[in-house]
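As you go down the protein sequences, you meet chains A and B in turn.
Count along the first sequence from 1, add 121, and you get the number used in my numbering.
Count along the second sequence from 1, add 13, and you get the number used in my numbering.
Ideal Cβ positions, reconstructed from N, Cα and C, are used throughout, including at glycine.
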Amino acid sequence: MQSNTKQLVLSTNKLSKYFYDPVKFKVLEEVSFNAYKGEFLTLVGKSGSGKSTLLYCLSTMDTDYNGELTILEQKVTGKNQTQLAHIRNEHIGFVFQFHYLLPEFTCLKNVMIPALKLGKYSKQEIEERAYHKLEILGLKDQALKPASKLSGGQQQRIAIARALINDPAIIMGDEPTGNLDSKNSENVFDIFKQLTQEFNQTIIAVTHDLDFAKASDRTIELADGRIV
Amino acid sequence: MNIDYDIALTHIITRKKQTLIASLGVTIGLAIYLFMNSLSAGFTKYSRDEIFKNNAHLKVFKDDEYCKPLNKDTSTLNIIVNPQITTTTKNIINPNNLLTQIKQQNFITNAIAQVDLTVFYNMGKTQIKGSSSGVNILEYNAMFNNEKYLVGGSLSTLQSNLNGIIIGKGIAEKLSLKLNSNVTVSSSYGVVKVLRVVGIFESGNGFNDNSKSYINIATAQQFLKEGPAYITTIYANTLNADIADTYAQQLQPITNYKVEDWKTTNADLLAGDKTRNAMMGAISLSILFIAAFGIYNILSSTIVQKINDIAILKAIGFSGKDVIRIFVSEALIMGLIGTLFGLVFASVLITLMANIYMGGPVGYFPIYFKADLFIQSFILGMLLTLFAGYFPARKAANVDPVSILRK
Numbered sequence: 122m123q124s125n126t127k128q129l130v131l132s133t134n135k136l137s138k139y140f141y142d143p144v145k146f147k148v149l150e151e152v153s154f155n156a157y158k159g160e161f162l163t164l165v166g167k168s169g170s171g172k173s174t175l176l177y178c179l180s181t182m183d184t185d186y187n188g189e190l191t192i193l194e195q196k197v198t199g200k201n202q203t204q205l206a207h208i209r210n211e212h213i214g215f216v217f218q219f220h221y222l223l224p225e226f227t228c229l230k231n232v233m234i235p236a237l238k239l240g241k242y243s244k245q246e247i248e249e250r251a252y253h254k255l256e257i258l259g260l261k262d263q264a265l266k267p268a269s270k271l272s273g274g275q276q277q278r279i280a281i282a283r284a285l286i287n288d289p290a291i292i293m294g295d296e297p298t299g300n301l302d303s304k305n306s307e308n309v310f311d312i313f314k315q316l317t318q319e320f321n322q323t324i325i326a327v328t329h330d331l332d333f334a335k336a337s338d339r340t341i342e343l344a345d346g347r348i349v
Numbered sequence: 014m015n016i017d018y019d020i021a022l023t024h025i026i027t028r029k030k031q032t033l034i035a036s037l038g039v040t041i042g043l044a045i046y047l048f049m050n051s052l053s054a055g056f057t058k059y060s061r062d063e064i065f066k067n068n069a070h071l072k073v074f075k076d077d078e079y080c081k082p083l084n085k086d087t088s089t090l091n092i093i094v095n096p097q098i099t100t101t102t103k104n105i106i107n108p109n110n111l112l113t114q115i116k117q118q119n120f121i122t123n124a125i126a127q128v129d130l131t132v133f134y135n136m137g138k139t140q141i142k143g144s145s146s147g148v149n150i151l152e153y154n155a156m157f158n159n160e161k162y163l164v165g166g167s168l169s170t171l172q173s174n175l176n177g178i179i180i181g182k183g184i185a186e187k188l189s190l191k192l193n194s195n196v197t198v199s200s201s202y203g204v205v206k207v208l209r210v211v212g213i214f215e216s217g218n219g220f221n222d223n224s225k226s227y228i229n230i231a232t233a234q235q236f237l238k239e240g241p242a243y244i245t246t247i248y249a250n251t252l253n254a255d256i257a258d259t260y261a262q263q264l265q266p267i268t269n270y271k272v273e274d275w276k277t278t279n280a281d282l283l284a285g286d287k288t289r290n291a292m293m294g295a296i297s298l299s300i301l302f303i304a305a306f307g308i309y310n311i312l313s314s315t316i317v318q319k320i321n322d323i324a325i326l327k328a329i330g331f332s333g334k335d336v337i338r339i340f341v342s343e344a345l346i347m348g349l350i351g352t353l354f355g356l357v358f359a360s361v362l363i364t365l366m367a368n369i370y371m372g373g374p375v376g377y378f379p380i381y382f383k384a385d386l387f388i389q390s391f392i393l394g395m396l397l398t399l400f401a402g403y404f405p406a407r408k409a410a411n412v413d414p415v416s417i418l419r420k
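Right under this line is the structure:
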């Protein structure tokens with residue numbers, strides 16, 4: 122399914138960012154890179170290298186930077202919070218180190234929430250799609266359990282299903298395997314690999330797991346806010 | 014259903030205890046607010062009724078006139094005047110014509126003519142000074158509803174008997190008069206008549222009970238040595254007592270006589286009403302306000318506890334507006350539950366209070382169900398909850414997801 126021509130999904134142009142507390146400090150210095158469709162990209166670097174900061178800038182949640190960010194040929198820099206929220210809802214899926222599932226809801230409902238927010242499909246269709254995503258992740262039988270009743274690995278996979286529900290172009294991960302044992306980590310890695318290969322989605326993940334990084338398509342290493 | 018409301022509802026359902034506590038605060042606050050305002054409205058109505066025992070909405074009478082200097086130019090001449098009342102008679106000239114004209118106004122529901130005079134009630138050596146009103150008693154009753162204060166006799170007997178009189182209970186006791194006794198009544202014009210007591214009333218107002226009596230208009234005119242066209246006062250009721258002052262202004266141009274509304278006549282009593290209403294309103298509003306703070310507190314702590322959920326919702330594409338909508342609807346649901354139960358609770362309190370017998374002329378405790386007060390309380394309750402919910406919700410909307418998710 123992989124296309125022959127590389128299609129640009131996300132690009133940054135001279136992205137810089139400062140931290141002001143406690144002293145003015147340059148975290149990112151003119152970071153420019155491109156991410157393509159179907160690419161499994163990992164961001165690595167030592168603690169404090171700015172890799173997470175870069176990811177949150179890419180996620181559109183952090184807007185306090187200089188430079189330019191483009192997602193799906195759309196200039197994102199300068200848009201207001203509501204527009205950014207909509208972009209995240211439609212085009213970006215998130216997987217964090219912690220699952221951040223809403224404890225009051227069932228797994229199924231947790232997966233459905235971003236799609237209900239987007240409102241592209243009817244509730245019936247969204248439910249079917251959510252079941253389908255859970256099936257891909259092997260959790261269909263857990264669908265109606267409360268999210269808080271599952272094991273850590275299962276919760277992380279529910280979180281991945283939630284990230285996938287709107288078929289986003291980009292899936293961003295902040296240490297997505299950080300809290301998982303090696304078996305579950307491998308499992309998550311395989312899911313990511315499958316997403317890029319079968320569904321042509323782009324993954325950008327921050328990790329300090331070198332095996333995980335090595336197995337990805339491309340690794341960007343940051344040191345002192347610059348790409349090495 | 015919008016996903017925002019879905020989330021709000023789920024939060025409410027999964028946190029039943031907190032919802033209940035917040036709602037209970039509103040319930041009590043609202044119930045007290047509504048109860049106190051109903052009480053206040055009841056008192057106001059009671060004191061209004063007291064006023065309307067003796068006052069119509071409008072009163073037309075001849076006001077005293079002062080003499081004024083003819084030369085109004087005081088720039089060149091110093092004029093020494095001794096102002097004096099120039100009114101010699103207190104009667105209204107051509108009263109029937111004026112009465113007809115007043116009745117023709119579309120805002121007038123009822124108008125009657127009356128002759129007021131000062132009289133002395135005599136029994137043996139005892140003499141009581143008092144005032145008497147010469148009225149068509151049935152018309153008078155239609156306006157002032159004084160039949161319910163009768164403790165003996167009947168109004169119709171007075172109507173058919175020119176020598177009849179209805180006296181206050183105090184007079185009857187002091188002069189040891191019973192129904193059908195005769196009493197000697199004299200006027201300041203030297204007219205003396207022996208009248209038959211055909212009715213005794215007890216209004217609850219000591220002054221009236223000890224001095225007031227009702228006689229026929231013709232009898233009153235005889236006491237004053239005047240003809241059948243002699244009328245001192247015209248009373249009129251209007252469609253709406255609250256805007257009687259406006260009606261008074263509208264009525265004034267058609268007559269040279271003074272038109273006075275009941276509010277002007279009873280300004281002192283109304284000022285007391287106003288003070289009481291303001292005080293009770295302020296106290297009850299503060300209580301409701303404190304109840305709203307309950308919602309504010311619970312919502313604020315919910316938001317602190319749910320800060321991770323808020324962060325992830327923002328990450329997956331919920332805007333600040335969505336977050337505000339979630340938490341404001343939670344506040345409104347709690348407020349709605351509290352408000353509705355508050356209305357029920359207040360109804361119970363009002364019913365209990367309304368069944369307490371106070372005795373005397375008051376009868377049952379003056380408290381009533383007033384639909385507009387219920388509506389007002391409901392709107393106010395919901396409005397306060399809206400504000401109580403909005404401020405924590407806005408705080409939640411401003412949560413920076415990065416600072417939470419990066420931990």
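- When only Cα atoms are considered, B:L190 and B:V210 end up about 8 Å apart.
- Taking 9 Å as the CB threshold, B:R407 stays off the interface with chain A.
- The three-state secondary structure of A:N155, taken from DSSP, is strand.
- Against chain B, a Cβ distance below 9 Å from A:N300 picks out nothing, because the smallest value is about 13 Å.
- Apart from sequence neighbours up to five positions away, the residues of its chain that approach A:S306 with a beta-carbon distance below 6 Å are T298, ordered along the chain.
- CA-CA distance, A:P289 to A:L316, rounds to 11 Å.
- Under the Cβ criterion of 9 Å, A:N187 is not counted among the residues facing chain B.
- Within the same chain, T197 and S199 come within 7 Å of B:V205 by CB-CB distance, once the 5 residues on both sides are set aside.
- Under the three-state reduction of DSSP output, A:Q195 falls in the strand class.
- Excluding five sequence positions before and after B:M395, the CB atoms of its chain that fall closer than 8 Å to its own CB belong to L345, G348, L349 and T352, given in chain order.
- The C-alpha of B:V357 lies about 54 Å from the C-alpha of B:N174.
- Note on the region 110–157 of chain B: whole alpha helix (DSSP H) runs with a minimum of 4 residues are 150–157, in chain order.
- One Cα belongs to B:Q118, the other to B:F378, and the distance between them is close to 37 Å.
- Taking the beta carbon of B:F331 as reference, the chain A residues within 7 Å of it are A206 and K238, listed in sequence order.
- For A:I286, there is no enclosing beta strand (DSSP E), since its DSSP letter is neither H nor E.
- Using a Cβ-Cβ cut-off of 7 Å, B:N310 is close to nothing in chain A; its nearest Cβ partner there is about 21 Å away.
- In the structure shown, A:P267 adopts extended strand secondary structure according to DSSP, grouped into three states.
- B:T268 sits in coil when the DSSP states are folded into three classes, being neither helix nor strand.
- Cβ contact annotation for A:S170 (same chain, cutoff 6 Å, sequence separation greater than five): L343 and A344, in chain order.
- At a cut-off of 9 Å, the C-beta of B:K29 has no neighbouring C-beta in chain A.
- Ranked by Cα distance from A:Q275, the first of A:L285, A:G259, A:F313 and A:L175 is A:G259.
- For A:I292, there is no enclosing alpha helix (DSSP H); the residue is part of the beta strand (DSSP E) that begins and ends at I291 to D295.
- With respect to the 9 Å criterion, B:G212 and B:G137 are not classified as neighbours on the basis of their beta carbons.
- The shortest CA-to-CA distance from B:L151 to any of B:L171, B:I141 and B:K142 is the one to B:L171.
- Of the residues assessed, B:Q318 falls on the exposed side of the cut-off, its CB having fewer than 16 other CB atoms within 10 angstroms.
- If you draw a straight line from the Cα of A:E246 to the Cα of A:H253, it comes to about 10 Å.
- Interface annotation, A:R339: not in contact with chain B, CB-CB separation never under 9 Å.
- A:Y252 is not bridged by DSSP to any residue.
- DSSP places A:V130 in the uninterrupted beta strand (DSSP E) bounded by L129 to F140.
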